[in-house]
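The next block holds one structure in the form of C-alpha coordinates; read it before the comments.
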Amino acid sequence: MNSFGSQFMEMHRSGTFVMANVADAGTARALCGAGVAAIATTSSGHASTIGRRDAAGDVTMDEHAEHTAILVAASTVPCNVDAENGYGHEPEDMAAAVISFAATGAAGMGIEDWSGDPDRGLYDRALAIARIEAAVEAAEALDDPFVITGRTEVLLYGLDGGLDETVARLQGFAEVGAHCLYAPGTWDEDTIRAVVDEAGGPVNVLVPLGRPAFLPDGSPALSVGDLAEMGVRRISLGGFLYSAQVAFAADLTRQILDSGTFQPTSTTG
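Taking my numbering, the leading residue of the sequence shown gets 43, the next gets one more, and so forth.
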(Lines of atoms letter the chains of each structure in order from A and count residues from 1; the text may use other names and numbers.)
(Lines give C-alpha, C1' and ligand atoms only; values in the text may rest on other atoms or scores of the structure.)
Protein backbone atom coordinates (compact mmCIF):
# COMPACT_ATOMS: atom_id res chain seq x y z
CA MET A 1 0.00 0.00 0.00
CA ASN A 2 1.41 3.38 -1.02
CA SER A 3 1.62 5.97 1.74
CA PHE A 4 0.84 9.60 1.00
CA GLY A 5 1.37 10.65 4.61
CA SER A 6 4.62 12.54 4.04
CA GLN A 7 3.23 14.29 0.97
CA PHE A 8 0.01 15.27 2.75
CA MET A 9 1.89 16.57 5.78
CA GLU A 10 4.14 18.70 3.56
CA MET A 11 1.13 20.11 1.72
CA HIS A 12 -0.01 21.68 5.01
CA ARG A 13 3.28 23.49 5.48
CA SER A 14 3.27 25.78 2.45
CA GLY A 15 0.99 26.99 -0.31
CA THR A 16 -2.76 26.52 -0.70
CA PHE A 17 -4.52 23.47 -2.10
CA VAL A 18 -8.04 22.23 -2.80
CA MET A 19 -9.20 19.00 -1.18
CA ALA A 20 -12.35 17.57 -2.78
CA ASN A 21 -14.66 15.46 -0.63
CA VAL A 22 -16.02 12.47 -2.55
CA ALA A 23 -18.59 9.77 -1.85
CA ASP A 24 -17.58 7.03 -4.29
CA ALA A 25 -14.58 5.52 -6.04
CA GLY A 26 -15.65 6.65 -9.51
CA THR A 27 -15.73 10.28 -8.45
CA ALA A 28 -12.42 9.88 -6.63
CA ARG A 29 -10.79 8.51 -9.76
CA ALA A 30 -12.29 11.23 -11.96
CA LEU A 31 -11.17 14.06 -9.70
CA CYS A 32 -7.66 12.65 -9.45
CA GLY A 33 -7.62 12.69 -13.25
CA ALA A 34 -8.82 16.28 -13.18
CA GLY A 35 -5.79 17.24 -11.11
CA VAL A 36 -7.13 17.69 -7.57
CA ALA A 37 -4.36 17.74 -4.96
CA ALA A 38 -6.17 15.64 -2.36
CA ILE A 39 -9.49 13.97 -1.73
CA ALA A 40 -11.45 13.32 1.43
CA THR A 41 -14.40 11.33 2.56
CA THR A 42 -17.63 13.16 3.33
CA SER A 43 -19.69 11.76 6.19
CA SER A 44 -22.91 13.23 4.79
CA GLY A 45 -22.24 11.99 1.25
CA HIS A 46 -21.21 8.51 2.36
CA ALA A 47 -24.24 8.20 4.65
CA SER A 48 -26.54 9.27 1.83
CA THR A 49 -25.14 6.68 -0.59
CA ILE A 50 -26.09 3.88 1.80
CA GLY A 51 -29.42 5.34 2.91
CA ARG A 52 -28.33 6.52 6.34
CA ARG A 53 -28.43 9.82 8.20
CA ASP A 54 -25.34 11.98 8.65
CA ALA A 55 -25.28 11.43 12.39
CA ALA A 56 -22.71 9.98 14.74
CA GLY A 57 -23.33 6.25 15.10
CA ASP A 58 -25.58 5.81 12.06
CA VAL A 59 -22.52 4.78 10.06
CA THR A 60 -20.04 2.73 12.06
CA MET A 61 -16.31 3.29 12.15
CA ASP A 62 -15.76 -0.09 10.48
CA GLU A 63 -18.13 0.85 7.66
CA HIS A 64 -16.42 4.21 7.20
CA ALA A 65 -12.99 2.57 7.24
CA GLU A 66 -14.07 0.06 4.59
CA HIS A 67 -15.41 2.94 2.48
CA THR A 68 -12.16 4.87 2.95
CA ALA A 69 -10.09 1.92 1.79
CA ILE A 70 -12.12 1.79 -1.43
CA LEU A 71 -11.51 5.50 -2.09
CA VAL A 72 -7.80 5.16 -1.31
CA ALA A 73 -7.48 2.25 -3.75
CA ALA A 74 -9.11 4.34 -6.49
CA SER A 75 -6.96 7.43 -5.88
CA THR A 76 -3.54 8.70 -6.82
CA VAL A 77 -3.48 11.53 -4.25
CA PRO A 78 -3.68 11.68 -0.45
CA CYS A 79 -7.04 10.88 1.15
CA ASN A 80 -8.29 12.53 4.34
CA VAL A 81 -11.05 11.09 6.53
CA ASP A 82 -14.05 13.06 7.77
CA ALA A 83 -14.20 11.05 10.99
CA GLU A 84 -17.05 12.97 12.68
CA ASN A 85 -16.50 12.80 16.46
CA GLY A 86 -13.87 10.08 16.14
CA TYR A 87 -16.44 7.36 16.82
CA GLY A 88 -16.25 7.74 20.58
CA HIS A 89 -16.25 10.28 23.37
CA GLU A 90 -13.05 9.59 25.26
CA PRO A 91 -9.43 10.34 24.28
CA GLU A 92 -8.60 6.64 24.01
CA ASP A 93 -11.34 6.29 21.41
CA MET A 94 -9.49 8.81 19.23
CA ALA A 95 -6.36 6.69 19.31
CA ALA A 96 -8.36 3.66 18.16
CA ALA A 97 -9.84 5.69 15.29
CA VAL A 98 -6.42 6.86 14.14
CA ILE A 99 -5.13 3.28 14.04
CA SER A 100 -8.23 2.11 12.15
CA PHE A 101 -8.18 4.80 9.47
CA ALA A 102 -4.39 4.81 9.05
CA ALA A 103 -4.65 1.10 8.25
CA THR A 104 -6.81 1.95 5.20
CA GLY A 105 -3.99 3.95 3.63
CA ALA A 106 -5.57 7.31 4.44
CA ALA A 107 -3.13 10.17 4.98
CA GLY A 108 -5.02 11.92 7.76
CA MET A 109 -8.31 12.44 9.56
CA GLY A 110 -10.37 15.21 11.10
CA ILE A 111 -12.05 15.03 14.51
CA GLU A 112 -15.01 17.20 15.53
CA ASP A 113 -15.77 18.54 19.00
CA TRP A 114 -19.51 17.93 18.56
CA SER A 115 -20.48 14.79 20.45
CA GLY A 116 -23.21 13.71 18.04
CA ASP A 117 -25.57 13.50 21.01
CA PRO A 118 -28.03 16.44 21.13
CA ASP A 119 -28.37 16.01 24.89
CA ARG A 120 -24.62 16.26 25.38
CA GLY A 121 -23.84 18.71 22.60
CA LEU A 122 -20.33 20.11 22.36
CA TYR A 123 -17.55 18.52 24.36
CA ASP A 124 -16.21 20.93 26.94
CA ARG A 125 -13.04 22.60 25.76
CA ALA A 126 -10.62 20.67 27.97
CA LEU A 127 -11.99 17.31 26.82
CA ALA A 128 -12.07 18.43 23.18
CA ILE A 129 -8.38 19.34 23.41
CA ALA A 130 -7.50 16.11 25.22
CA ARG A 131 -9.19 14.14 22.43
CA ILE A 132 -7.06 15.85 19.78
CA GLU A 133 -3.94 15.33 21.89
CA ALA A 134 -4.64 11.59 22.06
CA ALA A 135 -5.12 11.47 18.30
CA VAL A 136 -1.83 13.29 17.71
CA GLU A 137 0.03 10.92 20.04
CA ALA A 138 -1.45 7.91 18.24
CA ALA A 139 -0.49 9.40 14.88
CA GLU A 140 3.07 9.99 16.03
CA ALA A 141 3.35 6.30 16.93
CA LEU A 142 2.58 5.23 13.36
CA ASP A 143 5.28 4.29 10.87
CA ASP A 144 4.19 7.00 8.40
CA PRO A 145 3.11 10.63 8.95
CA PHE A 146 -0.63 11.05 9.51
CA VAL A 147 -2.28 14.48 9.51
CA ILE A 148 -4.62 15.22 12.41
CA THR A 149 -7.16 17.99 11.88
CA GLY A 150 -8.76 19.52 14.96
CA ARG A 151 -12.25 20.74 14.14
CA THR A 152 -14.72 22.83 16.13
CA GLU A 153 -18.43 23.19 15.33
CA VAL A 154 -19.04 26.36 17.38
CA LEU A 155 -19.56 28.63 14.37
CA LEU A 156 -21.36 26.07 12.22
CA TYR A 157 -24.02 25.49 14.89
CA GLY A 158 -24.09 29.06 16.20
CA LEU A 159 -23.08 27.97 19.69
CA ASP A 160 -22.20 30.12 22.68
CA GLY A 161 -18.87 31.90 22.53
CA GLY A 162 -18.85 32.44 18.78
CA LEU A 163 -15.55 33.43 17.26
CA ASP A 164 -13.75 33.84 20.61
CA GLU A 165 -14.56 30.28 21.66
CA THR A 166 -13.74 29.00 18.19
CA VAL A 167 -10.28 30.56 18.27
CA ALA A 168 -9.64 29.36 21.83
CA ARG A 169 -10.46 25.79 20.84
CA LEU A 170 -8.36 25.91 17.68
CA GLN A 171 -5.44 27.35 19.64
CA GLY A 172 -5.80 24.50 22.13
CA PHE A 173 -5.75 21.97 19.31
CA ALA A 174 -2.65 23.62 17.85
CA GLU A 175 -0.88 23.58 21.21
CA VAL A 176 -1.27 19.81 21.50
CA GLY A 177 0.08 19.22 18.01
CA ALA A 178 -2.85 19.26 15.56
CA HIS A 179 -1.46 19.60 12.04
CA CYS A 180 -4.50 21.41 10.61
CA LEU A 181 -7.27 23.51 12.19
CA TYR A 182 -10.83 23.70 10.94
CA ALA A 183 -13.92 25.68 11.91
CA PRO A 184 -16.75 25.18 9.41
CA GLY A 185 -18.99 28.22 9.38
CA THR A 186 -16.28 30.72 8.42
CA TRP A 187 -18.40 32.09 5.58
CA ASP A 188 -17.16 35.71 5.49
CA GLU A 189 -13.80 37.35 4.88
CA ASP A 190 -13.42 38.94 8.32
CA THR A 191 -14.05 35.65 10.12
CA ILE A 192 -11.69 33.75 7.84
CA ARG A 193 -8.94 36.29 8.38
CA ALA A 194 -9.43 36.20 12.15
CA VAL A 195 -9.24 32.40 12.26
CA VAL A 196 -6.19 32.24 9.99
CA ASP A 197 -4.40 34.94 11.98
CA GLU A 198 -5.18 33.60 15.44
CA ALA A 199 -5.69 29.82 15.25
CA GLY A 200 -2.02 28.97 15.63
CA GLY A 201 -1.53 26.64 12.69
CA PRO A 202 -2.56 25.77 9.12
CA VAL A 203 -6.27 26.40 8.55
CA ASN A 204 -8.84 24.55 6.44
CA VAL A 205 -11.80 26.53 5.08
CA LEU A 206 -14.98 24.87 3.85
CA VAL A 207 -16.42 26.43 0.68
CA PRO A 208 -20.22 26.07 0.38
CA LEU A 209 -20.66 25.25 -3.30
CA GLY A 210 -23.96 26.31 -4.81
CA ARG A 211 -24.53 29.39 -2.68
CA PRO A 212 -25.31 32.45 -4.82
CA ALA A 213 -22.80 34.52 -2.86
CA PHE A 214 -20.06 33.53 -0.44
CA LEU A 215 -20.11 36.83 1.42
CA PRO A 216 -23.11 38.05 3.41
CA ASP A 217 -23.09 41.47 1.73
CA GLY A 218 -23.77 39.85 -1.63
CA SER A 219 -20.31 40.48 -3.08
CA PRO A 220 -18.86 37.81 -5.39
CA ALA A 221 -17.76 34.50 -4.00
CA LEU A 222 -14.20 34.31 -2.76
CA SER A 223 -11.82 32.60 -5.15
CA VAL A 224 -9.02 30.15 -4.48
CA GLY A 225 -6.64 33.08 -4.98
CA ASP A 226 -8.54 35.19 -2.44
CA LEU A 227 -8.35 32.45 0.17
CA ALA A 228 -4.67 31.86 -0.57
CA GLU A 229 -3.99 35.58 -0.10
CA MET A 230 -5.64 35.36 3.33
CA GLY A 231 -3.31 32.54 4.28
CA VAL A 232 -5.76 29.65 4.08
CA ARG A 233 -3.79 26.45 3.64
CA ARG A 234 -6.46 23.90 2.71
CA ILE A 235 -9.81 24.40 0.98
CA SER A 236 -12.39 21.64 1.32
CA LEU A 237 -15.76 21.14 -0.36
CA GLY A 238 -17.51 19.03 2.26
CA GLY A 239 -20.78 17.41 1.26
CA PHE A 240 -21.56 20.22 -1.17
CA LEU A 241 -19.88 18.49 -4.12
CA TYR A 242 -21.91 15.30 -3.62
CA SER A 243 -25.11 17.37 -3.23
CA ALA A 244 -24.33 19.17 -6.50
CA GLN A 245 -23.84 15.82 -8.28
CA VAL A 246 -27.20 14.56 -7.03
CA ALA A 247 -28.95 17.83 -7.92
CA PHE A 248 -27.44 17.73 -11.42
CA ALA A 249 -28.67 14.18 -12.01
CA ALA A 250 -32.15 15.03 -10.76
CA ASP A 251 -32.34 18.17 -12.90
CA LEU A 252 -31.15 16.33 -16.00
CA THR A 253 -33.71 13.57 -15.46
CA ARG A 254 -36.54 16.08 -14.97
CA GLN A 255 -35.64 17.77 -18.26
CA ILE A 256 -35.67 14.41 -20.07
CA LEU A 257 -39.04 13.49 -18.59
CA ASP A 258 -40.57 16.93 -19.22
CA SER A 259 -39.31 17.28 -22.79
CA GLY A 260 -39.66 13.67 -23.83
CA THR A 261 -36.26 13.93 -25.48
CA PHE A 262 -32.72 13.03 -24.56
CA GLN A 263 -31.37 16.50 -25.41
CA PRO A 264 -31.93 18.53 -22.25
CA THR A 265 -32.04 22.29 -22.52
CA SER A 266 -29.66 22.82 -19.62
CA THR A 267 -26.58 21.08 -18.28
CA THR A 268 -26.49 22.81 -14.92
CA GLY A 269 -27.67 21.11 -11.79
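Even for Gly, the Cβ is constructed at its ideal location relative to N, Cα and C.
{"Query": "On the CB-based measure, 16 or more other CB atoms within 10 Å of its CB, does S301 come out buried or exposed?", "Result": "exposed"}
{"Query": "For the structure I just gave you, are there three or more beta carbon pairs, one from the stretch 73-90 and one from the stretch 219-227, closer than 8 angstroms?", "Result": "no"}
{"Query": "What is the residue span of the beta strand (DSSP E) that Y284 lies within?", "Result": "It is not in any beta strand (DSSP E) - Y284 instead sits in the alpha helix (DSSP H) that spans F282 to S301."}
{"Query": "Using only alpha-carbon positions, find the residue among A65, M53 and T58 that is nearest to S282.", "Result": "Looking at the sequence shown, residue 282 is not Ser but Phe. The option with the nearest alpha carbon to F282 is A65."}
{"Query": "Which residues in the same chain as V266 place their Cβ atom closer than 8 angstroms to its Cβ, once the five residues preceding and following it in sequence are excluded?", "Result": "T58, V60 and I277"}
{"Query": "Could you give the residue range of the alpha helix (DSSP H) that holds A181?", "Result": "R167 to E182"}
{"Query": "What residue range is occupied by the uninterrupted beta strand (DSSP E) comprising V64?", "Result": "F59 to V64"}
{"Query": "Answer with buried or exposed for I92, where buried requires no fewer than 16 other C-beta atoms within 10 angstroms of its C-beta.", "Result": "exposed"}
{"Query": "Which full runs of the beta strand (DSSP E) of 3+ residues lie inside the stretch 89-142, going along the chain?", "Result": "121-124"}
{"Query": "Let me know the secondary structure DSSP gives G75 once reduced to three states.", "Result": "helix"}
{"Query": "Which same chain residues end up closer than 8 angstroms to M136 when comparing Cβ atoms and leaving out the 5 residues on each side of it in sequence?", "Result": "G128, G130, I153, R173, I174, A176, A177 and A180"}
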